[in-house]
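Chains A and B, in that order, are what the protein sequence lines are.
For reference, each letter of the first sequence is one residue, going 1 to 414 in my numbering.
For reference, each letter of the second sequence is one residue, going 1 to 161 in my numbering.
Even for Gly, the Cβ is constructed at its ideal location relative to N, Cα and C.
In this text the structure is predicted, and so the values were computed from the model without any measurement.
Scroll down for the structure; my scribbles are underneath it.
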Amino acid sequence: MKTPSSAAAPSLWPDPGFTHIPYELYDDPEIYARERERIFMGPTWNYLALECEIPNPGDYKATTVGDVPVVVVRAKDGSVNAFENRCAHRGALLCLERFGNARAFTCVYHAWSYDQAGKLVGVAFEKGVKGAGGMPPSFKRGDHNLRTLKTATKAGLVFGTFDHAAPSLDDYLGPEIGGRLERVLGKPVKVLGYNTQVLRNNWKLYAENVKDPYHASILHLFFTTFKVNRLTQKGGILVDGSGAHHVSYSMIDGNSAEAEYRDAKLRSDSDEFGLKEPSLLDGRDEFGDGITLQILSVFPSLVLQQIRNSLVVRQIVPKGPDRSEVIWTHYGFDDDDGDLTDLRLRQANMVGPAGYISMEDGAVGAFVQRALPGTRGERSIVMMGGDGVESQASRATETSIRGFWKAYRSLMGL
Amino acid sequence: MAIWGNVDSNVPAVTALLADYAACIDADALEQWPDFFTTECHYKITTAYNHAKGLPVGLIYAHNRAMLEDRVVALRKANIYEAQRYRHVVSGARITGGTGDLVEAETSFLVVRTMHDGAQDLFASGRYLDRIDTSGNRPLFAEKIVVLDSDKIDTLLAIPL
Numbered sequence: 001m002k003t004p005s006s007a008a009a010p011s012l013w014p015d016p017g018f019t020h021i022p023y024e025l026y027d028d029p030e031i032y033a034r035e036r037e038r039i040f041m042g043p044t045w046n047y048l049a050l051e052c053e054i055p056n057p058g059d060y061k062a063t064t065v066g067d068v069p070v071v072v073v074r075a076k077d078g079s080v081n082a083f084e085n086r087c088a089h090r091g092a093l094l095c096l097e098r099f100g101n102a103r104a105f106t107c108v109y110h111a112w113s114y115d116q117a118g119k120l121v122g123v124a125f126e127k128g129v130k131g132a133g134g135m136p137p138s139f140k141r142g143d144h145n146l147r148t149l150k151t152a153t154k155a156g157l158v159f160g161t162f163d164h165a166a167p168s169l170d171d172y173l174g175p176e177i178g179g180r181l182e183r184v185l186g187k188p189v190k191v192l193g194y195n196t197q198v199l200r201n202n203w204k205l206y207a208e209n210v211k212d213p214y215h216a217s218i219l220h221l222f223f224t225t226f227k228v229n230r231l232t233q234k235g236g237i238l239v240d241g242s243g244a245h246h247v248s249y250s251m252i253d254g255n256s257a258e259a260e261y262r263d264a265k266l267r268s269d270s271d272e273f274g275l276k277e278p279s280l281l282d283g284r285d286e287f288g289d290g291i292t293l294q295i296l297s298v299f300p301s302l303v304l305q306q307i308r309n310s311l312v313v314r315q316i317v318p319k320g321p322d323r324s325e326v327i328w329t330h331y332g333f334d335d336d337d338g339d340l341t342d343l344r345l346r347q348a349n350m351v352g353p354a355g356y357i358s359m360e361d362g363a364v365g366a367f368v369q370r371a372l373p374g375t376r377g378e379r380s381i382v383m384m385g386g387d388g389v390e391s392q393a394s395r396a397t398e399t400s401i402r403g404f405w406k407a408y409r410s411l412m413g414l
Numbered sequence: 001m002a003i004w005g006n007v008d009s010n011v012p013a014v015t016a017l018l019a020d021y022a023a024c025i026d027a028d029a030l031e032q033w034p035d036f037f038t039t040e041c042h043y044k045i046t047t048a049y050n051h052a053k054g055l056p057v058g059l060i061y062a063h064n065r066a067m068l069e070d071r072v073v074a075l076r077k078a079n080i081y082e083a084q085r086y087r088h089v090v091s092g093a094r095i096t097g098g099t100g101d102l103v104e105a106e107t108s109f110l111v112v113r114t115m116h117d118g119a120q121d122l123f124a125s126g127r128y129l130d131r132i133d134t135s136g137n138r139p140l141f142a143e144k145i146v147v148l149d150s151d152k153i154d155t156l157l158a159i160p161l
């Protein structure tokens with residue numbers, strides 16, 4: 001029997017540090033299984049839901065942690081529970097709908113049922129029929145509750161971890177990342193819509209892409225083509241102490257954001273490749289700090305995106321060694337006026353599977369995945385900006401990618 | 001009327017318009033694609049889920065023809081994506097309403113995507129919810145809502161539907 005947790009590890013990644021990444025990590029089934037066990041079911045906090053998706057008692061959402069199916073449900077007392085979406089009897093999915101409301105969760109297969117905390121409360125024909133059959137006396141319902149996750153909420157986001165001994169969510173995020181997260185979620189949130197992008201690549205290639213400011217102005221030519229890239233004049237990369245999470249941001253230097261938006265629109269207008277409808281570039285400095293772009297990642301699978309007034313929660317979902325999905329949840333705030341909603345809808349053109357400045361991200365991971373054959377023993381290079389994982393003022397750096405691998409190596413024991 | 005309830009004299013014209021529309025995209029004549037729309041058109045690609053729940057965000061969202069023209073320029077000059085073609089199969093136009101010069105129609109479509117290396121997939125299925133302005137020389141879309149049956153987009157959606 002192969003034991004992925006011991007023998008393979010030392011030879012796979014012999015050198016210390018985070019500047020050279022073995023290509024095996026992107027398509028090895030044993031690595032994939034180990035990631036499920038050690039990362040997604042380990043001491044990490046994973047995005048489960050927006051609180052506004054499950055506002056009332058009994059409201060539930062079926063989602064996944066990594067590729068492990070889970071249900072997150074609002075309990076009677078307003079707290080949020082989460083447990084595996086898998087019947088303890090024969091292992092069938094309990095919730096088949098993405099969203100719903102239920103007082104109890106009853107498996108369609110043999111009608112075992114669970115309460116809103118995942119506790120087994122009913123077993124069909126437990127005492128048999130007319131005195132015959134049924135469960136033996138040794139069967140105890142209490143031994144068969146669903147495996148639960150510890151949950152925590154922050155700024156309208158619900159997180160869960162399989163590891164009940166994991167540090168608190170606030171300790172996990174740290175104050176700097178936590179503050180940046182609250183920055184874009186400071187008020188009651190409403191969902192503006194969903195879509196899912198199917199990626200023909202390992203989930204980590206997308207996670208790295210999100211943490212990679214080096215590629216942004218090179219791969220994504222929309223802003224430069226339409227001559228609107230002056231907006232991004234000042235910014236930086238923040239990496240938390242563990243390396244796991246990051247924030248990349250850019251902001252207006254000097255003038256007010258509104259003036260800069262108008263200026264961008266004018267320049268676009270006058271250029272031969274200008275936009276015919278420059279209202280796409282309208283913007284509102286809604287957080288009052290001049291920051292026009294903030295990409296925040298929470299290890300392993302959450303990305304919070306502010307691109308101007310387009311706000312999105314992205315959840316990265318592994319779907320096998322060479323597949324993944326990104327679930328895009330566009331949101332705004334309950335108190336948005338009509339103009340602001342309109343801005344968000346217009347600017348949504350820039351992001352997502354059809355996004356002017358992000359459609360390429362859907363393809364570039366697959367370009368790496370398709371080139372993997374022949375790379376055994378080879379490693380990719382992540383040396384831009386040095387070999388550390390510290391915060392940096394320049395965005396010509398790969399520091400936050402190295403941070404990802406620092407957290408990854410530690411959890412994976414590689 | 002019971003059996004032939006959906007016979008409407010506008011069906012052949014709508015069918016012909018959609019055939020021209022699909023042929024334009026499938027022939028990569030994207031520069032002509034905005035010409036199928038009125039100046040103040042509304043065009044959106046959304047999903048059946050968002051549409052049913054009244055969630056307004058689109059994969060592509062345009063509130064006039066200029067935004068469609070911008071998208072074509074972006075696809076030609078700015079965006080990077082592997083060479084690919086669509087084949088639309090458009091079928092079963094039904095007239096669902098309308099007043100005066102405006103005809104409302106709902107029509108099913110399938111789109112097969114063929115990549116430059118020959119790989120083929122069923123890329124999208126769904127329905128067009130169209131409001132067609134018939135007041136001019138040629139019928140134009142005043143509104144086109146493309147409702148995809150699935151939430152999932154394989155890799156990227158560059159060429160419009």
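Phe83(A) and Leu169(A) do not touch by the CB rule: their CB atoms are close to 18 Å apart, not below 8 Å. Where Leu219(A) is concerned, there is no enclosing beta strand (DSSP E), although the alpha helix (DSSP H) around it starts and stops at 216 to 219. Shown here for Val103(B): same chain residues with a beta carbon closer than 7 Å to its own, the five before and five after excluded, namely Asn10, Val14, Ile95, Ile132, Thr134 in chain order. With a contact defined as Cβ atoms closer than 8 Å, Asp322(A) and Asn202(A) qualify at about 6 Å. Just so you know, the alpha carbons of Pro160(B) and Asp337(A) end up roughly 30 Å apart.
If you check the CB distance, Ser297(A) and His246(A) come in under 8 Å.
Here Thr161(A) is buried: its Cβ has 16 or more other Cβ atoms, across all protein chains shown, within 10 Å. When Cβ-Cβ separations below 8 Å define contact, Arg346(A) makes contact with chain B.
Sixteen is the threshold: since fewer than 16 other Cβ atoms of the shown chains lie within 10 Å of the Cβ of Gly134(A), the residue is exposed. Looking at the DSSP output, Ala49(A) sits in a beta bridge with Val158(A).
Counting only the Cα atoms, Tyr109(A) lies some 20 Å from Pro136(A). Secondary structure at Cys24(B): helix, using DSSP grouped into helix, strand and coil. The C-alpha of Ile307(A) lies about 8 Å from the C-alpha of Ile295(A). The Cβ neighbour count for Asp361(A), taken over all protein chains shown within 10 Å, is at least 16; the residue is labelled buried. The beta-bridge partner set that DSSP reports for Gly97(B) consists of Glu104(B). Listed along chain A, the residues sitting closer than 8 Å to Thr155(B) by beta-carbon distance are Gln197, Val198, Leu199, Arg200, Pro353, Gly362, Ala363, Ala366. Its chain contains Phe299, Ala407 as the residues whose beta carbon lies nearer than 6 Å to that of Ala244(A), once the 5 sequence neighbours on both sides are disregarded; these appear in chain order. Counting along the chain, the unbroken beta strand (DSSP E) around Ala124(B) starts and ends at 120 to 133. Residues of chain A whose Cβ lies closer than 9 Å to the Cβ of Met67(B) are, in chain order, Leu275, Lys276, Glu277, Ser279, Leu280, Arg346, Asn349. Linking His88(B) to Ala124(B) through their CA atoms gives a straight-line distance of about 9 Å. Going by DSSP, Ile31(A) is part of no beta strand (DSSP E) but of the alpha helix (DSSP H) stretching over 29 to 35. In the displayed model, Ala132(A) falls within a strand according to three-state DSSP. By the criterion of a C-beta distance shorter than 7 Å, Val198(A) is surrounded in its chain by Glu325, once the five residues flanking it on both sides are discounted. Of all residues in the segment 207 to 224 of chain A, only Leu219, His220, Leu221, Phe222, Phe223, Thr224 come within less than 9 Å of chain B when Cβ atoms are compared, listed by chain position. In the structure shown, Val123(A) adopts coil according to DSSP, grouped into three states. The beta-carbon of Pro56(B) is placed less than 8 Å from the nearest beta-carbon of chain A.
Cβ-Cβ separation between Gln116(A) and Ala62(A): approximately 14 Å, too far for a contact (criterion under 8 Å).
CA-to-CA, the gap between Val368(A) and Leu30(B) works out to about 30 Å.
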